[in-house]
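Asks: For the sequence shown, the positions run 1 to 81 when the UniProt record's numbering is used.
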Amino acid sequence: MLVVEGLRKTFGDRQVLKVMKDLANEGMTMVVVTHEMRFAREVADEVIFFDEGMIIERGHPEQLFTHPKHERTQQFLRRIQ
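(1) Could you name the residues of the same chain whose beta carbon sits closer than 6 Å to that of Asp-51, not counting the 5 residues immediately before and after it, in chain order?
(2) With distances taken between CB atoms, is the gap from Val-43 to Arg-58 smaller than 9 Å?
(3) Among the residues of its own chain, which have a CB less than 8 Å from the CB of Ala-40, if the five just before and after it don't count?
(4) What is the DSSP secondary structure of Glu-57, reduced to helix, strand or coil?
(5) By the 10 Å Cβ neighbour count, where 16 or more other Cβ atoms means buried, how is Val-16 classified, buried or exposed?
(6) For Leu-64, which residues of its own chain have a beta-carbon under 8 Å away from its beta-carbon, when the five flanking residues on both sides are left out?
In structure tokens:
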């Protein structure tokens, strides 16, 4: 299932998060495209950071958000904090 950011604006964070967690618990795999880092950090099993259409870094959310390896990821996270 591909989930895009517009669902959150329509139904709200909590409702979407609950449905996504329920589906994940049932074994569904989802690809979520979002610019909301807090949402990604809370929901994702893996985060993939893209820059100019290329995968720059990927990993577990806690690892990627607290100890990013790539300079571009570090720069981005510094800007949004």
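Just so you know, even glycine gets a beta-carbon here, dropped at the ideal spot from N, CA and C.
Replies: For this structure:
(1) The residue you call residue 51 lines up with position 51 of the sequence shown. Cβ within range, chain order: Arg-72.
(2) Along the sequence shown, one-based indexing puts residue 43 at 43. Along the sequence shown, one-based indexing puts residue 58 at 58. Cβ atoms of Val-43 and Arg-58: not closer than 9 Å.
(3) Reading the sequence shown from its first residue, position 40 is the one you call residue 40. Result list for Ala-40: Val-32, Thr-34, Val-47, Pro-61, in chain order.
(4) The residue you call residue 57 lines up with position 57 of the sequence shown. If DSSP states are grouped into helix, strand and coil, Glu-57 belongs with the strands.
(5) Here residue 16 is taken as the residue at index 16 of the sequence shown, counted from 1. With 16 or more Cβ atoms within 10 Å of its Cβ, Val-16 is classed as buried.
(6) Counted from its first residue, the sequence shown places residue 64 at position 64. Contacts found: Val-47, Phe-49, Glu-57, Arg-58, Thr-73.
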